[in-house]
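J.: Chains as they are written, first to last, in UniProt numbering: chain A, 1 to 216; chain B, 1 to 448.
We put the CB at the ideal spot given by N, CA and C, even for glycine.
Model, not experiment: these values are computed from the prediction.
What follows is a structure written as structure tokens; I'll ask about it next.
This is the structure in structure tokens:
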């Protein structure tokens, strides 16, 4: 049995994302059936196919599906189905046994309908798949030594694996996450923080003034 | 008459059939109370057996030193057997010594020869039963304790053993073993006897005290390992704490210091963000930066320590101390930040919990519904989504800080509004011509 010694004070972050694509089905059957869309839901990372640390991924679909618990044990960890409604899929990620961790649970809301206009302007074309990417990070606190080694060997410990620039090309399957995007988000947050701070200052000054008034 | 006849009948019937039940018999007068009658059965005297002959015999008791002749009756077949009570005469071998032996080995300053002889005679007489010997001991004016007597006796024994000539085929160990047998430490014996007497003479309270102490001692022993562990954990935590308090270097981004820099409303912020950005997302957290791993009971104490340090080095406006007390966590001051909002931004309590977690699930959550609505509205106006698009380590940290700041701001706003309302009503009641202070209440939330 591998030793379960944990590395104290060590934390490793694994960036991942859940995604789904959806295309409306055409054809006679689609019009009156419950299956208006064909969709795919999946789980992916930025360091190759993640099979080195993930044992299997279990997608739990809506109860109206037969056998709602779908297990995928090999990459690519994705599932193809048809349906008519949007719902939340529970994505349970089981790790390599040497990690000695319980499974992580992520939630992905399946997007079937385009909620925004096509970037090229005008309504969304019918044959362009609707995509939804949800970025997340799995944080391993104090991983076991064996697991840490596995992660390090696959470059997880060193870099985040994120591409530098935002992908703006044609391949709809690639997620938009990048260092650039993170930076943009950070900038946005900072701006917001500054504004809030300013307002706090103003409020404080007002408060001071009012208190002075009270005394007088 | 009739009844008597009946009784006789009944009685005779019992003699014949023996099947009448007890209570019916009782109706008829019952049986007399049970009396123990001697069994009338007497064994017939066996006249056929021959009488055992007994003889009167004269005998001597081998246990006696003299040749006293006595007589007793014994059955013939037990003739010629040894006198049955002779075997009870156990004699102890008290060693004998000649006068020369005495002069050579046994002279002692404290004991004269006469006294030693007297002692030995007593030993032999009383079979080495020292309590009796001590009681009967009277040699002139001297009063000897039992330890004295024992001591003298055993030392004489040892010396005699040593002095005996070696018999052929004897091992030196045997002799040594024999000497060991007679080892008698007088002082130890005296001590022992004294200890026993004190033990015997303990009062009831003393006994109870001792029992209580014993129970305490045992309890402490049991808790010993746990206490030791806790002590160690505390020491470790304190040491780590001290290491953390060293001036933060630019590359300890995962500590609280860089996140504090975000509060500075100037170019400092961007610089430090760049510095932490160079650390790279998803890098290993340094153990020094992350801080206290384990030792959860000690974090409360450390919280107080950090607070104290805040008060010492804080330069923030004192009026905000009232509102900052609403925030339980105190901020760690970094030298680079302008000290405007040190006591608002929460400090990162880097307590690492073992295990996996999904980062987006650790975003701050508001419990009260009304508060949550206000918060969401505020975030909307700031153009920040509820869930970050890319919840990386830094993003989540900033989210947390923003969250807290917003809460603080909302609280401030509430207080200020309340005060203004009070003020206005006071003015109206006072009916002074003073215009309400503060100007028109503008919700300065939207920027441009």
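Could you tell me the distance, in whole angstroms, from the CA atom of residue 38 (chain A) to the CA atom of residue 79 (chain A)?
T.: Between residue 38 (chain A) and residue 79 (chain A), the C-alpha separation is close to 11 angstroms.
J.: Return no unless some Cβ of chain B is closer than 8 angstroms to the Cβ of residue 44 (chain A).
T.: Closer than 8 angstroms: no.
J.: Where does residue 380 (chain B) fall in DSSP's three states?
T.: Residue 380 (chain B): helix per DSSP, three-state reduction.
J.: In angstroms, rounded to a whole number, what distance separates the CA positions of residue 114 (chain A) and residue 376 (chain B)?
T.: Taking the straight line from one Cα to the other gives about 24 angstroms.
J.: If you measure between the beta carbons of residue 196 (chain A) and residue 405 (chain B), is that distance less than 8 angstroms?
T.: Cβ atoms of residue 196 (chain A) and residue 405 (chain B): closer than 8 angstroms.
J.: Give, in chain order, every unbroken run of the beta strand (DSSP E) that is at least 3 residues long and sits entirely within the region 62-112 of chain A.
T.: If we require 3 residues or more, the beta strand (DSSP E) runs fully inside the region 62-112 of chain A come out as 69-72, 77-83, 88-95 and 104-109.
J.: Given this structure, state the Cα-to-Cα distance separating residue 177 (chain A) from residue 237 (chain B), to the nearest angstrom.
T.: The alpha-carbon atoms of residue 177 (chain A) and residue 237 (chain B) are separated by roughly 38 angstroms.
J.: Does the beta-carbon distance from residue 92 (chain A) to residue 60 (chain A) come in below 8 angstroms?
T.: A contact, by the Cβ cut-off of 8 angstroms.
J.: Buried or exposed, going by whether 16 or more other CB atoms sit within 10 Å of the CB of residue 157 (chain A)?
T.: By the 10 Å Cβ count, residue 157 (chain A) comes out buried.
J.: Looking at the C-beta of residue 198 (chain B), does it have a partner C-beta in chain E at a distance below 8 angstroms?
T.: In the structure shown, chain E does not exist; the protein chains are A and B.
J.: Using the Cα positions of residue 116 (chain A) and residue 175 (chain A), report the straight-line distance between them to the nearest angstrom.
T.: If I take the Cα positions, the gap works out to 17 angstroms.
J.: Assuming residue 179 (chain B) contacts residue 161 (chain B) (C-beta within less than 8 angstroms), just tell me the rounded distance between them.
T.: Residue 179 (chain B) to residue 161 (chain B), Cβ: 6 angstroms. Contact.
J.: Taking any Cβ of chain A, which residues in the region 388-405 of chain B have a Cβ under 8 angstroms from it, in chain order?
T.: Those would be 388, 389, 390, 391, 392, 393, 394, 395, 398, 399, 401, 402 and 405, in chain order.
J.: Looking at the structure shown, is residue 18 (chain B) part of a helix, part of a strand, or coil, going by DSSP?
T.: Here residue 18 (chain B) sits in coil by DSSP.
J.: Counting only beta-carbon atoms, is residue 153 (chain A) nearer than 8 angstroms to chain B?
T.: Chain B, which has no Cβ nearer than 8 angstroms to the Cβ of residue 153 (chain A), makes this no.
J.: Does any residue of chain A bring its CB to less than 8 angstroms from the CB of residue 366 (chain B)?
T.: False, the Cβ-Cβ gap to chain A never drops below 8 angstroms.
J.: May I have the straight-line CA-CA distance separating residue 214 (chain A) from residue 429 (chain B), to the nearest angstrom?
T.: Taking the straight line from one Cα to the other gives about 14 angstroms.
J.: Among A:110, A:9 and A:105, whose alpha-carbon lies nearest the alpha-carbon of residue 84 (chain A)?
T.: Considering only alpha carbons, the answer is A:110.
J.: Can you name the start and end residues of the beta strand (DSSP E) that residue 24 (chain A) belongs to?
T.: Segment 11-24, the beta strand (DSSP E) holding residue 24 (chain A).
J.: Rounded to a whole number of angstroms, what is the C-alpha to C-alpha distance between residue 319 (chain B) and residue 365 (chain B)?
T.: At residue 319 (chain B), the pLDDT of 40 sits below 50, so the modelled position is not reliable; the number obtained from the coordinates is stated separately. The alpha-carbon atoms of residue 319 (chain B) and residue 365 (chain B) are separated by roughly 28 angstroms.
J.: Put residue 123 (chain B) into one of helix, strand or coil per three-state DSSP.
T.: Residue 123 (chain B): helix per DSSP, three-state reduction.
J.: With a Cβ-Cβ cutoff of 8 angstroms, do residue 20 (chain A) and residue 40 (chain A) count as a contact?
T.: Yes; because the gap between Cβ atoms is below 8 angstroms, this pair is in contact.
J.: Taking one C-beta from the region 102-113 of chain B and one from the region 84-92 of chain B each time, how about it: are there three or more such pairs within less than 8 angstroms?
T.: Cβ pair count under 8 angstroms is below three, so no.
J.: Leaving out the 5 sequence neighbours to the left and right, which residues in its chain are closer than 7 angstroms to residue 141 (chain A) when beta-carbon positions are compared?
T.: If we look at residue 141 (chain A) and ignore the five residues flanking it on each side, its Cβ neighbours are 11.
J.: Counting only beta-carbon separations shorter than 8 angstroms, does residue 355 (chain B) have a partner in chain A?
T.: Yes, contact with chain A.
J.: Less than 8 angstroms between CB atoms is the rule here; does residue 420 (chain B) satisfy it with respect to chain A?
T.: Answer yes: the Cβ-Cβ gap between residue 420 (chain B) and chain A drops below 8 angstroms somewhere.
J.: If we define contact as Cβ-Cβ less than 8 angstroms, is residue 116 (chain A) a contact residue for chain B?
T.: False, the Cβ-Cβ gap to chain B never drops below 8 angstroms.
J.: Pull up the distance between the alpha-carbon of residue 210 (chain A) and that of residue 423 (chain B), whole angstroms please.
T.: Approximately 8 angstroms, taken between the alpha carbons.
J.: Quick one: residues in its chain with C-beta nearer than 7 angstroms to the C-beta of residue 58 (chain B), no 5 flanking neighbours on either side, listed in chain order?
T.: Same-chain partners within the cutoff: 69, 70 and 71.
J.: Any beta carbon of chain A sitting closer than 8 angstroms to that of residue 179 (chain B)?
T.: So, not an interface residue.
J.: Use the C-beta contact count for residue 6 (chain A): other C-beta atoms within 10 angstroms, 16 or more gives buried, fewer gives exposed.
T.: Label assigned to residue 6 (chain A): buried.
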